[in-house]
Each structure stands twice: as structure tokens, then as C-alpha cells.
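Residue numbers (the UniProt record's numbering), protein chains in the order written: chain Z, 1 to 771; chain F, 1 to 498; chain U, 1 to 141; chain D, 1 to 113.
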Amino acid sequence: MQLIRIVGVVFFLAFLTPFIDKRLGKISGYLYALLPALLFTLLLKQLPDIIDRHFIIQSIDWFPLLHVHLSFYLDGLSLLFALLITGMGTLVFIYSGYYMQHYPMRGRFYFYILLFMGAMLGLVLANNLITLFLFWEITSFSSFLLIGFNHERPEARAAALQALLITGFGGLAMLAGFVLLGNVAGSYELTDLLQDGAVVKGSKMYMPLVLLILAGAFTKSAQFPFHFWLPGAMEAPTPVSAYLHSATMVKAGIYLLARLQPILGGTDLWQFSLGLAGAMTMLVGAYFAFTQFDLKKILAYTTISALGMLVLLVGIGTELAITAMVIFLIVHSLYKGALFMIAGAIDKTVGTRDIRHLGGMWPVMPVAAVATFLTLFSMAGLPPFLGFIGKEVIYDAKVQAPEIAVYLAILAVAANIFMVAVAFLFGHGVFFGKKKDPPKIPREPAIPLLIGPVVLSVTSLFMGIYPAILTQPLVLPAIDAVNASPVKLHIQLWHGLNLVFLLSVITVTLGLTLFFFRKPATKALRKFNQRYFKIEFADLFRKLVESFLSFTKRHTEVVQHGYHRFYLMLIFIVSSLLVWYQIYHTRGWGFEANWEEVPFYLIGISLLIITAALGAVFTRSRLVAIILLGVIGYAMAFIFILYGAVDVAITLILVETLVLVLFVMVVYHLPSYMPKYSRPTSRIRDGIIALVFGGFMTALVLKAEFIKISPPISDYFLKEAFTKGHGRNIVNVILVDFRGLDTMGETVVLMIAAIGVFSLLKLKPKKKKEE
Amino acid sequence: MENLLMLPLVLPVLAAIVSLFAKNSLNFRKASGVFFTLAQLAVAIVILVKVYRDGILVLQVGSWPAPFGITLVADMFSAIMLFFAGLIGFTVSVYALGMMDERRLKFHFYLLFNILLLGVNGAFITGDVFNLYVWFEVMLISSFVLITLGGERKQLEGAVKYVTINMVSSMLFLAAAGLLYGKMGTLNMADLAVKLQHEPASNLVNSSAMLFFIAFGIKAAVFPFFFWLPASYHTPPVAVTALFAGLLTKVGVYAMIRFFTLFFMPLGGIWKELFLITGGLTMLIGVFTAASQYDIRRILSFHIISQIGYMIMGLGFFTPLGIAGAIYYMGHNIVAKTNTFMVGGMVSKLKGTFELKSIGGLYKSHPYLALLFVIPAFALAGVPPLSGFFGKFILVKAGFDSHHFLVTAISLFVGLITLFSMMKIWNEGFWKKQPEDAEEVIAYQEKKLGFAMIFPSVVLALFSIGMGVAVGFFFDFCMTAAHQLLDPSSYIKAVLGN
Amino acid sequence: MSNPYSNIFRIAATKLRPLLFILSLIVLYRGHQQPGGGFIGGLMAASAYILYALAFNSAEARRKLPLSTSALLGTGLAVILVSGLLSVLAGEPFMTGMWTTLHLPFGQELHLGTPVLFDAGVYLAVIGVLLTIMFDIIDIE
Amino acid sequence: MEIILAIVIGVLYAAGVYLLLRRSIVKLILGLIFFSHATNLLVFLAGSLSKVSPPFVQEGQKVAQASVADPLPQALVLTSLVIGFGITAFALVLIYRFYQSSGTVDFDQLKED
């Protein structure tokens with residue numbers, strides 16, 4: 001099987017959506033579902049091979065110089081994820097087929113979500129870290145486009161940007177981490193890296209690279225304190241929430257952690273970071289889920305909690321913990337996907353997702369109610385659902401975790417108590433209790449909306465009842481991949497009466513208690529939140545962005561302030577500092593002032609130039625300034641003649657005259673020159689800057705004069721000007737022959753200057769338009 | 001065949017001559033203007049292929065042997081830059097067909113355009129220090145005229161700043177060239193390199209080298225010399241800005257890389273540190289300034305600065321990968337930056353303004369424009385698999401390889417802010433609803449976007465994608481160029497003979 | 001410009017024009033051997049017309065020109081380019097000097113080469129440039 | 001004798017810098033002209049000043065005498081002079097138009113928006 005084709009075909013279909021959607025219109029969603037279904041069966045067929053440890057590795061050279069290959073790897077872990085992605089994908093497409101049928105820009109929706117699915121498949125199948133990163137980023141961006149799908153809502157735009165910035169931040173950190181990892185191990189291929197765990201752990205770069213990679217995984221998987229983008233992401237259409245923000249994209253971080261566990265895991269740093277982040281996230285998510293009103297928000301926070309649990313389990317890293325992680329991953333995907341679909345279905349048919357406006361609806365929508373409750377039982381970890389097994393293994397893993405077992409167990413129980421309560425709150429709130437009057441008359445949601453939840457809850461049930469047949473073959477290869485050593489494990493529903501079972505019982509009991517006292521409890525908690533726990537992370541983030549913006553605004557006002565002469569001033573000051581530093585640094589040149597050699601006329605002419613320059617600087621009359629400028633020009637021509645530069649002198653005199661004429665003609669039109677704009681202090685400041693600048697130029701000239709590293713090439717010109725250049729005026733021969741290209745350029749400059757003058761004077765903006 | 005190298009210089013001059021004589025037929029002038037840019041692109045491709053296959057191309061102009069006359073040299077680096085100059089020249093000239101108003105076209109727009117390319121081409125292929133000055137001046141004067149063309153008040157105000165600061169830079173460059181000649185007695189780059197290599201006292205050259213750094217720094221718009229750029233780039237018509245944004249600062253970077261790899265960095269001294277510090281600060285300050293803007297052109301202008309920082313940083317690493325990365329990044333940036341400006345121009349054509357606060361709704365009304373924006377914008381932000389991602393990846397790798405962690409971390413952080421700025425344009429201009437109280441937009445009659453505007457943008461977008469997808473292919477050129485730069489013996493041998 | 005000097009100025013400008021023009025040609029031709037050359041020659045020739053334009057007006061001076069200013073620019077540039085390309089036709093590198101000797105009557109020899117042609121191109125272009133600039137500026141008044 | 005000319009160059013640059021830092025746009029142009037004067041003199045000085053006869057090949061000889069001045073800096077100065085002239089002319093007209101459209105010669109009144 002060509003793995004690249006599995007990924008490629010999804011992208012291919014994505015790029016066809018604009019055409020397909022135009023042709024097929026409303027039914028396109030159902031058709032798209034065929035592709036993930038097909039891929040699901042294809043992947044499932046690989047299962048026996050994978051169980052027999054016949055892994056697939058395929059590679060295409062992409063950027064071999066830097067060891068980047070489009071390489072793919074199918075083992076138990078990637079297969080499990082790929083199955084989840086395609087399986088959930090099938091259901092989500094069926095669901096969207098109905099849900100999205102009247103949405104504006106439906107075509108773009110399918111485009112993005114297919115793009116996402118392809119990227120997600122690529123991510124879990126990639127063998128090369130950089131390839132993985134490529135797909136990782138595409139999931140971020142397609143998620144951005146999907147969260148902001150209702151783009152005319154400011155909240156949607158803000159949430160999309162927030163998610164993108166956070167995951168983008170993590171992505172960049174992760175890229176840095178990958179590059180470091182690649183540098184340490186000499187390869188980006190996971191299959192190579194899996195052999196090199198010891199090298200990596202022993203390297204000096206281990207700590208930075210782990211922290212950087214964790215930043216990527218944690219942001220993507222919404223770990224505390226980056227968790228807040230996930231509730232915000234509920235701005236996306238519900239199929240997106242069901243797919244991306246519960247079952248797949250947020251699991252990418254978990255996948256990565258599990259994938260890298262054999263390479264990076266097992267150290268204190270790893271266990272501590274994952275443990276801390278996971279535990280915090282688990283608690284924070286569960287706690288906040290309890291106090292939400294919006295169904296999707298409730299689910300989002302429970303997702304956060306579950307993600308925390310998964311990270312924690314990867315962090316513990318024992319065989320049992322990994323087992324628990326893998327099982328719970330499946331459990332969670334099944335129930336969370338189903339619940340989101342239910343929430344969306346209710347929203348669609350009833351018109352609201354606010355739990356305060358819902359209630360007593362089981363008589364009108366019995367199928368939905370049954371599916372929901374089956375799902376919720378799994379979520380609450382009741383037997384005989386897969387959720388029960390999941391929870392049992394989790395407790396088992398924690399009880400048996402080294403050293404910190406007690407604390408972990410307590411944390412897990414605490415979080416699960418909230419989960420149980422939330423599960424009942426959700427189910428009860430929607431289907432039992434008083435009937436309220438929601439915006440639309442409640443009825444059974446359409447069949448396509450229910451297929452997903454029903455399939456998922458039934459799967460969950462059967463996987464719980466027949467763990468050996470259904471669960472084990474799926475789970476074992478994955479565990480095997482993470483532990484990188486074959487695992488013998490027997491998964492069963494009933495473990496017998498032991499500590500773990502006791503914990504389960506406690507959890508359910510306390511959860512139910514919390515549920516029964518929900519009214520006082522939520523009230524108290526909300527009050528508590530208002531008073532003591534005010535931090536809204538999303539707000540905090542928004543403030544961070546805003547203060548960054550106002551910082552940049554101030555920064556801009558400082559940097560690009562608009563005063564031209566201060567720009568110049570800064571340039572002059574920095575130049576002076578840099579050049580003086582260099583002159584000081586390379587000061588080894590013999591410099592001796594020899595005033596005796598200087599002929600008197602040279603002193604005279606120099607004094608003339610200096611005086612004229614000072615005069616031109618300080619005069620208040622522009623006419624005097626212009627005349628003095630002319631004097632300088634002619635004096636310079638004199639110097640040129642003294643040193644044998646006849647042509648230069650003639651040209652300078654002519655040019656100087658022309659410039660004077662031009663100056664007079666132009667300045668004639670300007671208002672009388674030079675009102676006294678500047679204060680004495682600024683004059684002194686500018687004077688100092690000018691002297692420092694002029695000073696280094698003098699120093700450089702002297703330096704050039706006293707250092708002659710090699711004889712000039714012009715001897716050649718003296719020899720060849722007449723014999724080969726047929727001219728006696730060597731300067732002219734240089735201009736038209738030896739360096740004729742310079743003269744060509746020079747002529748072009750003149751020509752453009754002329755055109756510039758012409759267009760400046762002749763092409764003026766039309767009067768009637770603005771200004 | 002060595003005369004091939006004269007074509008990048010002869011063709012634009014020919015274009016100018018044609019334009020001067022065809023005074024009365026605007027259509028002919030337009031057609032020939034575009035034709036000559038296309039011809040330059042074709043020549044550039046031929047040169048690139050030839051240099052890649054057969055090694056460095058050299059033309060001794062006037063048959064004068066190397067250190068004495070002017071030598072035109074195309075090594076890989078030059079050829080790559082020449083190619084991008086041709087690509088941008090051609091695409092922008094087509095774009096200008098749709099964007100420029102008739103009046104400006106009448107006033108020799110295409111002549112100026114071609115002469116600007118002459119300056120750029122000349123700068124890329126000359127092997128002579130003073131000749132480089134001349135081409136800089138050609139480039140500069142035509143950019144002066146292009147920036148003022150039309151004579152609107154804002155243009156003139158921006159131009160005065162642009163002109164003065166750039167003239168100061170030119171003078172410093174000229175002074176540095178003069179001082180270098182005074183010490184070394186030669187102007188030919190290869191000859192200079194040889195003389196500096198074998199001279200124990202050559203580090204004394206370093207202080208005039210600082211003048212080169214400042215002069216090129218101003219041209220390349222690095223911190224703290226960049227002020228002229230944001231002060232002026234938003235004033236001329238967007239076709240002009242697109243051309244400038246893509247090419248002009250890169251010529252400064254080109255000169256910086258050329259001079260410092262060939263002459264000064266092997267001498268030792270503070271150059272590496274200076275480049276890393278300048279690069280880091282340029283990235284940061286440019287990107288911060290961009291984040292606060294709300295005018296599309298100003299956002300993009302400030303990002304030019306920040307992205308120059310990446311290239312300077314790559315030079316500062318001074319490893320083959322670093323320099324190749326800088327070259328690759330330069331190519332990527334030339335393409336993507338020009339394209340974002342082009343899309344910005346189309347937005348203004350539709351809405352009559354560049355002010356993000358007044359526009360919106362383009363995602364809904366012009367989906368293909370949204371797509372055209374997203375590609376270069378994502379490329380700039382470094383999203384895989386577009387060109388910018390690999391630019392960033394290579395530089396990060398080069399930075400980590402050479403243990404420059406801080407500046408590399410800064411470059412990653414800057415990538416994030418760049419993403420933020422690009423998404424700001426996206427959120428405000430494309431996703432947001434068209435604000436109903438934006439007077440200038442309401443008063444404006446929406447213009448249609450013609451093929452001439454869209455086509456070049458599509459070409460550049462495909463190029464951004466291609467440079468990413470086929471990164472191995474493109475980077476091969478850059479790597480060859482970097483090896484040539486770091487081991488100048490082949491360059492020297494090609495120019496001077498044995 | 002109706003002061004008593006203007007008439008004298010006009011007469012001077014009219015008389016000087018051909019004189020300066022011929023002088024400029026000499027400067028151009030001698031340039032390769034003696035001080036002078038295309039730029040200086042061009043400047044002198046241009047000043048003939050600039051004086052004329054100052055004495056009368058730019059429109060009058062334009063009329064006296066054999067070619068329009070932009071055609072002068074174009075011709076100048078074209079001559080430069082041709083002088084460089086001649087050697088290319090002969091298979092030599094761009095801008096290689098090609099020399100030939102013309103035998104004039106009375107035993108005179110005229111040594112002609114592409115560099116001289118090049119200088120003539122500069123000469124023409126410089127005239128075009130200066131006249132464009134000066135005429136336009138004179139037109140401001 | 002270099003030292004005196006080096007000082008002249010320094011003074012010209014200083015004068016240029018000082019004028020460039022003024023608010024008046026006319027002084028800005030003056031400053032630029034100073035800058036280009038200073039630079040031309042500097043480039044000229046870069047050749048050695050010890051030989052002073054003009055660089056010509058004498059009649060009847062085929063090779064110039066060794067005592068002639070270095071012709072290359074002269075050629076460079078010539079080129080840069082001419083280029084400088086073109087740019088100065090353009091800049092002059094630019095400030096004229098600048099004044100015409102903005103009505104001021106004071107640079108500080110023009111902050112970018």
C-alpha cells in the first residue's frame with residue numbers, strides 16, 4: 001500500500017471541491033464521506049500485517065541535502081490514529097452533508113475540512129519530522145480557516161486568530177526543537193530516531209529540545225496554560241468541533257508525545273513536564289466544564305480535561321499508563337465526537353445550545369436521547385462501556401505509578417468526579433427536567449445527524465463488551481509502538497474487586513452526589529469564580545495582544561517618527577561610531593604629519609575652501625551661500641589642475657557653472673531663504689555630530705594615503721593608452737575605452753535625470769482630484 | 001558566446017532608445033516595454049542554465065584583460081539574482097499594464113522601468129567596484145524618477161527623504177571605493193580579493209570596509225539605516241512599489257554578501273558579530289513597526305525591512321548553509337513580497353484605498369483574490385510547503401548548526417509576528433464585513449481587475465509554491481552559489497585567468 | 001526681458017551659436033588626444049542653445065535644433081550602443097575598440113575608431129540632456 | 001601635503017553633515033552638494049599625489065612618462081562628477097516642486113502620516 005497515495009488522494013479531492021460542489025450541490029457532503037470510508041477499510045486491512053509487526057516504511061526524496069524526505073511510516077500507533085481520522089471523518093462528512101447543506105460557501109467548507117483530513121493523515125503517517133511538521137502546520141491553518149468560517153462574526157475572527165497564534169507559536173518552537181533533535185541524532189526519520197533514544201537523552205541539547213517540542217505539543221493539545229484557545233474554537237461550525245477539536249487535531253499533540261516517548265521519554269524532565277501540565281489541564285478543564293452553559297463549551301472543557309489526562313498518562317510512561325492512554329484515547333474520541341454531533345443536532349433542530357433553554361426533550365427525540373445516554377455512560381465510565389475499561393486502566397496505571405501514585409490517583413479521581421457530574425448534567429439538562437421554550441419547536445433531528453452518534457455509542461458499547469475481539473487487536477500494536485517493546489496484555493471488562501474498582505465506585509458515587517447538588521454547587525462555584533478566579537485566559541491573551549500592539553505603536557512613533565533630519569542624524573551618529581571604532585581597532589598605520597612639504601599655495605587654497613565652507617554654512621543669505629559654493633568648486637578645480645587633472649578641472653568648472661545657474665534659477669522661485677529655525681543648543685549638537693563625522697573622513701583619507709598595499713593598476717594605462725587605445729589623453733581613453741561601460745552608465749544616469757526633470761515639471765497631478 | 005553577458009545591459013538600453021523614438025505611439029511603447037523585460041528574463045534563464053552547467057561566465061568588456069578593464073562576471077549568485085530580477089521585471093511590467101494610469105505611462109514609465117532593471121542587472125553582474133557604483137547610480141536615479149513620477153504631494157515628500165538618504169549612501173560608497181583604490185591600487189573585485197588574501201597588513205582595510213557596510217546597509221534598509229524606506233515606499237503607484245519592494249533593497253543585500261564574502265569577512269574582525277546584531281535588530285524592529293500599521297502598503301513595507309534581517313543574519317552565520325539560506329530567502333522574498341504588493345494594489349483597485357480599517361468583505365466577494373493573497377502572505381509567514389518555510393527552516397538549521405541560538409530564536413519569533421501581521425490583513429481586509437461608514441470606499445467606483453493584473457500575481461504565486469515544493473531543485477543553485485562565495489578561488493580564476 | 005541689454009544679448013547669442021557649435025565639435029574630436037571629449041564638447045554645444053533660449057525663449061531655441069531633445073537623447077544612446085555592438089558583430093567582446101584609418105585628400109589621415117564614435121554618442125546625449133533640463137527650467141518662468 | 005587636503009575633505013564633509021541636519025530644504029541640497037564635493041576630492045586624493053604632470057602620452061612617444069599622475073582616479077572623479085551633476089539637477093527641481101506642492105521649505109512641517 002502506498003501511504004503517500006492515501007494522503008495525496010485526500011488533498012487531490014480537496015482541490016476538486018470547487019468543481020464538485022458546483023455540480024453536485026447539496027448532496028456533495030455524503031459523497032465526500034465515501035473517501036474516508038474507503039480509506040478506513042484500506043487501512044483496516046493492514047491491521048493483520050501490523051499485528052505481525054510488518055511495518056510499512058516508504059520514502060521519497062524531497063530535500064535530501066537537509067535530510068528532509070517525504071517519508072511515511074505505518075505502525076500500530078499511526079494505524080490507530082489513521083483509523084480514528086478516517087473513521088470519524090466518514091461520520092463527520094455524513095453529518096456535514098446535512099448540517100452544512102444550506103450554509104453559504106459550503107464548497108469552501110469541504111475544501112478546508114478535506115485539507116485538514118489530508119494533513120492529519122499525513123501527520124500521523126509521516127516518518128520524517130519535517131514532513132510531520134509540514135502537515136502539522138497545515139492542520140493549524142485549516143483549523144484557522146474553519147474556526148473563522150463564520151467570518152463576518154468578530155468573535156469567530158478573533159477566536160481563529162487566537163488559535164492560530166497559539167498553535168503557530170508552538171509550531172515554531174517545535175520546529176526549532178525538531179531541528180535540534182535532527183542535529184543531535186543526525187536524521188529526521190522517526191525510524192532512525194527510535195534507535196537513537198539514548199544518544200538524544202545524553203546530549204547537551206536534550207533539555208532545550210524537549211521543552212521546545214513540548215511547546216508545540218502542548219499548544220496543539222490545549223494544555224494549560226495554552227488551553228483557552230480550544231473553547232474559543234467552538235466558533236467553528238459543529239462538524240468541525242466534532243472532528244478537529246475533539247477527535248483529531250487536538251490529539252495531534254498526544255500523538256506526537258506518544259510517538260516521541262520512546263525517544264525522549266523516561267527522564268525526570270519529561271515526566272515532570274508532562275505530569276505537571278497534564279494534571280493541571282485535567283483539573284482546570286473538568287472544573288470549568290462544570291460551570292458552563294453552552295453545550296459546546298461544556299464539551300470543549302471536558303475535552304481539555306481529557307487531553308490533560310492523556311498527557312499525564314504519556315508522562316507516567318509505564319506500560320500500563322501507555323495502555324491506559326491508548327484505550328482512553330479511543331474512548332474519548334468515540335464519546336466526544338458523538339456528543340459534539342448531538343450538541344450540533346440539537347442546536348440545528350432546536351435553535352439553541354444554551355443549557356438553560358433546554359430540557360425535557362426526550363419524548364420528542366428518543367433516538368437522540370438514547371444515543372446520548374449511551375455515550376454519556378461511556379464518558380462517565382460506567383460498565384459495560386469502553387469508557388469503564390478506560391477508567392479502570394487509568395486508575396490502575398496511576399495506582400501502580402512509581403513514587404507519586406497517591407497524588408495522581410487523587411487528582412484523577414477528582415477530575416473524574418467532575419466528569420461524571422458533567423455527563424449527567426449534560427444528559428439531564430437536555431433531555432429531562434422542565435420543558436423550556438427554545439427558539440424552534442423540538443423534534444427528532446434528521447437521520448444524517450444521528451448516524452454519527454448512534455454508530456459511535458454502539459461502537460463504544462461493543463468495544464466494552466467484547467474487549468478481546470474488538471479492542472485488543474487495535475490497541476496492542478499501538479501500545480507496542482509506544483513502548484517500543486512487545487507487550488503482552490489482556491484487556492478485559494471485569495478486573496475483579498480491588499482498589500481500582502473501589503476508586504471507580506467512589507468516583508461515580510461522588511459524581512452523582514455532585515450532580516444532585518448541582519444547583520447549589522454550580523451557583524457557589526460561579527460565585528467563587530467571579531470573586532477569586534477571575535482570570536479569563538482568552539481575555540488575558542487578548543490584552544497581551546493589545547498591549548503588544550500599543551507597544552508597537554509607541555515603538556513606531558519612536559523609530560519612524562517622521563522627522564527627516566533625525567533620521568539623518570541617527571545615520572550619521574551610528575556611522576561615526578562604527579567607523580571610529582574600526583579606525584581605533586585597526587590603528588596600526590604609520591602616520592606622520594609633515595607640514596614642511598606643504599606648498600604655500602596649497603595652504604592658501606585650502607584655507608579658502610575651509611573659509612568658504614564655513615561661510616556657506618553660517619550665512620543667512622542664500623545668494624552668498626550659492627556664491628561661496630561656487631568658490632569652493634572653482635578652488636577645487638584649481639587643486640585638480642595643480643595635480644595634473646586637466647580634464648577634471650575643465651569639467652568641474654563647467655559643471656559648477658551649470659549647477660550655479662540651475663540653483664539660481666530654481667531657488668529664485670523659493671521663498672526667501674533660511675528663516676532661523678533651530679536653537680543654539682541644537683546647532684551645537686549638530687556641529688559636534690558634523691565634526692565627528694568629518695573627523696573620521698579625514699582619518700580615513702590619511703590612512704589610505706599612508707597605507708599602500710599594492711601598486712595601482714594604472715601603470716597599464718600609461719603603457720597601453722596610445723599603443724592599444726590610440727589616444728594620447730589617457731583619461732579620455734579610460735573613459736571611452738578602458739572603462740567605457742562606466743561612461744555608458746553615466747550617460748544613462750544623465751538621461752534619466754533629464755527625463756526626471758522633464759516629468760517633474762510637466763507631469764503634475766490633476767487639480768480637481770484631492771488636494 | 002561570452003557576449004551573452006552583455007545582453008542584460010544592452011536590452012534595457014535598447015528599450016530606452018525605442019521608447020525615446022516611439023514618442024507618439026503609447027501602445028507600441030507599452031508593448032516594447034514589456035517585450036524587453038521578457039527578453040531580459042529569457043536571457044537571465046539562459047545565463048543561469050549556462051552558469052550552472054559550465055561554470056562561471058566572464059566577459060572582459062572591451063577585450064581589456066582583467067584587472068584593467070571592466071569585467072562582467074556571472075557566478076551562480078549573480079545568475080540567481082539576475083534571474084529573479086528578470087522574473088520580477090517581467091511580471092511587474094505586465095502588472096503595470098493594468099495598474100498604471102495613462103499619464104504616467106506617457107511620461108516614459110517603461111523607459112524608467114527598463115533602466116531601473118539595467119541598474120539592477122548591472123549591479124548583479126559587474127566585477128568591478130567602481131562600475132558597481134555606476135550601476136547603483138543608474139538604479140538610484142531611475143528609482144528617484146519613478147518614485148516622483150506623477151508629482152503628487154505625498155510622492156514628492158517621500159521622494160525628498162528617499163533621495164537624500166540614498167544619496168548619502170552613494171557618496172559613502174563612492175568614498176569607500178576611492179579609499180579602497182588608494183590602498184589596494186585596483187578596482188577589480190577578483191584582483192582585490194587576491195591582493196587582500198596575500199597581504200598581512202590587509203586588516204587595515206577594515207576601517208574603510210565599514211563605509212561599505214554603512215553604504216550597503218542604507219541601500220538594504222537595515223537597522224538603523226532603514227528610515228527612508230517606510231517614509232517613501234507607500235507614496236508612488238503600487239506597481240512601482242512592487243518593483244522596488246522586490247528588488248531594490250535586495251541589491252544592497254547582494255552587494256553586502258558579495259563584498260563581505262569576497263573581501264572583508266576572511267580578514268577577520270567584528271563582521272560576523274556586526275551582521276548578527278544588525279540582522280537581529282532589523283528583524284525585530286521592522287516587524288514590531290509593521291504590527292502597528294493599518295495601511296496595507298505600510299505593513300508590507302515594514303516587513304521588507306524585517307525580512308532583510310533574515311538575509312543579513314544568514315550572512316552573519318558565514319557557513320555554506322547560512323549563505324545559501326540567505327540567497328534562497330532572498331529569492332523567496334523577492335517573489336513573495338512583490339506579489340503581496342501586487343495583491344495589495346488589486347485591493348486598492350477594488351476599494352480605492354489601502355486603509356484596512358475602511359475595507360473588508362473581499363473573502364466573500366473575491367474569493368480568487370483571497371487565494372492570491374493567501375499564497376504569498378503564507379509564504380512570507382513561513383507556512384509549509386511554501387517557499388518561506390524552507391527559507392526559515394534552512395536559516396534556523398544554519399543558525400543552530402553554528403550555535404547562534406539567540407538570533408535564531410529571534411528569527412523564529414519574528415516569524416510569528418509576521419504571521420500575525422499577514423493574518424491582520426486577512427482578518428480585516430478579507431474576512432471582516434465591508435464597513436458601511438467608510439466614506440472613501442463608498443465614494444469609489446469599483447474597477448474591474450484585468451488579466452494583466454491577475455496573471456503576474458498567479459505566476460508569482462505558482463513560483464512561491466514551486467520554490468517550496470521543489471525546494472531541492474532550487475536550493476541546489478543556492479548551495480552552489482554559496483560554495484562559490486565561500487571559496488572564491490574559482491571566481492578569481494575565472495576573472496583573472498591563472 | 002525688455003531691458004536695453006537684451007538686444008545685445010540676443011545678437012551675441014545668435015552669433016555665438018554656430019561658433020560654439022563648431023568649437024564643441026573640435027573639442028569632441030580632439031578629446032582622445034588632448035583635453036576635451038564628449039562631455040565637455042556636449043556641454044559647449046548645449047550652452048550655445050541655452051544662451052539662445054535665455055536670449056529669446058526655449059520654444060525658439062527648440063526650433064533651431066535639428067532634432068528634438070528626446071531624439072537627441074535617443075540618438076546619442078543609440079550611437080553609444082552601436083559603437084559597442086560593432087565589435088560584437090565582428091565576434092569580439094562587447095565594446096572592443098575597432099580602428100580604421102581614412103586617407104583623406106591632401107595626405108591627411110583620419111584615425112577613426114569605435115571609441116571615438118562612443119564619445120560622439122556621449123556628446124549627442126549630453127546635448128540632449130542639458131537641453132531637456134535647461135529648456136524645461138527656463139519654461140518655468 | 002596630504003594632511004591639509006585631508007582636513008579640507010573633513011571640513012567639507014562636516015559642512016555637508018551640518019547642512020543636511022538643518023530644517024530648511026534648501027540647505028539640504030547645499031549639504032548634498034558639499035557631500036559630493038568632498039567625495040570627489042577624496043576619490044581624487046586616493047591616487048598618489050606625488051606625481052603631478054597631466055596624464056598624456058607625449059607627441060612622438062608611445063608610452064606615457066612615469067612621472068604623470070595616476071589617470072584612473074581622474075577618470076573616476078570625472079564620471080562621478082557628471083553623475084553628481086545629473087542627480088543634483090534632478091534634486092534641485094525636486095525641491096522646487098516640493099515647495100510648489102507643499103508650500104513650505106521647512107522639513108519639520110512634513111511628518112509622514
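Ideal Cβ placement from N, Cα and C applies to all residues, glycine included.
{"Item": "Express the C-alpha separation of residue 426/Z and residue 361/Z in angstroms, rounding to a whole number.", "Value": "12 Å"}
{"Item": "Could you say which of 115/U, 101/U and 90/U lies nearest to residue 109/U if we only look at CA atoms?", "Value": "101/U"}
{"Item": "Quick check: residue 321/F and residue 409/F, are their CB atoms within less than 8 Å of each other?", "Value": "no"}
{"Item": "Grab the span of the alpha helix (DSSP H) containing residue 138/Z for me, first residue to last.", "Value": "129-147"}
{"Item": "Quick one: any contact between the region 211-218 of chain F and the region 171-178 of chain F, if contact means 3 or more CB pairs under 8 Å?", "Value": "yes"}
{"Item": "Which residue or residues does DSSP assign as beta-bridge partners of residue 57/F?", "Value": "74/F"}
{"Item": "If you pair each beta-carbon of the region 432-440 of chain Z with each one of the region 348-363 of chain Z, do three or more pairs fall below 8 Å?", "Value": "yes"}
{"Item": "Taking any Cβ of chain F, which residues in the region 567-580 of chain Z have a Cβ under 8 Å from it, in chain order?", "Value": "567, 568, 570, 571, 574, 575, 578 and 579"}
{"Item": "Return yes when the C-beta of residue 370/F is under 7 Å from any heavy atom of the ligand GDP, and no when it is not.", "Value": "Looking for the ligand GDP in the displayed structure turns up nothing, as the structure carries no ligands at all."}
{"Item": "By alpha-carbon positions, which one of 80/Z, 109/Z and 103/Z ends up nearest to residue 16/Z?", "Value": "109/Z"}
{"Item": "State the beta-bridge partners of residue 113/U as determined by DSSP.", "Value": "99/U"}
{"Item": "With distances taken between CB atoms, is the gap from residue 73/F to residue 494/F smaller than 8 Å?", "Value": "yes"}
{"Item": "Under 7 Å between beta-carbons, which chain Z residues line up against residue 75/U? List them in chain order, please.", "Value": "Going along chain Z, no residue has its Cβ under 7 Å from residue 75/U, so there is no contact; the nearest lies around 12 Å."}
{"Item": "Give me whichever residues DSSP pairs with residue 74/Z in a beta bridge.", "Value": "56/Z"}
{"Item": "Is it true that the region 104-112 of chain F meets the region 72-87 of chain F, where meeting means three or more beta-carbon pairs spaced less than 8 Å apart?", "Value": "no"}
{"Item": "What residues of chain D sit near residue 627/Z, judged by a beta carbon separation below 7 Å?", "Value": "Within chain D, no residue comes near residue 627/Z; the closest Cβ sits about 12 Å away, beyond 7 Å."}
{"Item": "Distance cutoff 8 Å, beta carbons only. Does residue 53/D sit that close to anything in chain Z?", "Value": "yes"}
{"Item": "The alpha helix (DSSP H) that contains residue 167/Z, what's its start and end?", "Value": "154-185"}
{"Item": "Can a CB atom of chain Z be found closer than 8 Å to the CB of residue 281/F?", "Value": "no"}
{"Item": "Can you tell which of 118/F, 147/F, 461/F and 404/F has its C-alpha closest to the C-alpha of residue 232/F?", "Value": "147/F"}
{"Item": "Classify residue 402/F as helix, strand or coil using the three-state DSSP reduction.", "Value": "coil"}
{"Item": "In the DSSP assignment, find the alpha helix (DSSP H) that holds residue 6/F and state where it starts and stops.", "Value": "No alpha helix (DSSP H) holds residue 6/F; DSSP gives it neither H nor E."}
{"Item": "Going along chain U, which residues have a C-beta under 7 Å from residue 717/Z?", "Value": "Within chain U, no residue comes near residue 717/Z; the closest Cβ sits about 14 Å away, beyond 7 Å."}
{"Item": "Name, please, each residue of chain F whose Cβ falls closer than 9 Å to the Cβ of residue 86/D.", "Value": "137 and 141"}
{"Item": "By Cβ distance below 6 Å, which residues in the same chain neighbour residue 311/F in space, the five residues on each side in sequence not counted?", "Value": "253, 326, 329 and 330"}
{"Item": "Compute the Euclidean distance between the alpha carbons of residue 24/F and residue 277/F, then round it to the nearest angstrom.", "Value": "53 Å"}
{"Item": "Would you mind sorting residue 584/Z into buried or exposed? The rule is 16 or more other CB atoms within 10 Å of its CB.", "Value": "exposed"}
{"Item": "Over what stretch of residues does the alpha helix (DSSP H) that includes residue 426/F continue unbroken?", "Value": "Looking at the DSSP string, residue 426/F is not in any alpha helix (DSSP H), and its letter there is neither H nor E."}
{"Item": "Helix, strand or coil, according to DSSP, for residue 772/Z in the structure here?", "Value": "Residue numbering for chain Z in the displayed model covers 1 to 771; residue 772/Z lies beyond these limits and cannot be assessed."}
{"Item": "From residue 336/F to residue 250/F, what distance separates their C-alpha atoms?", "Value": "13 Å"}
{"Item": "Could you pull out every residue in the same chain whose Cβ sits closer than 6 Å to the Cβ of residue 72/U, ignoring the five residues on either side in sequence?", "Value": "124, 127 and 128"}
{"Item": "How should residue 202/Z be labelled, buried or exposed, when 16 other C-beta atoms within 10 angstroms of its C-beta is the threshold for buried?", "Value": "exposed"}
{"Item": "Under 8 Å, with one C-beta from each stretch per pair, do the region 643-655 of chain Z and the region 77-94 of chain D reach the 3-pair mark?", "Value": "yes"}
{"Item": "What residues in the region 536-555 of chain Z have a beta carbon less than 9 Å from any beta carbon of chain B?", "Value": "Absent from the structure is chain B; the protein chains it does hold are Z, F, U and D."}
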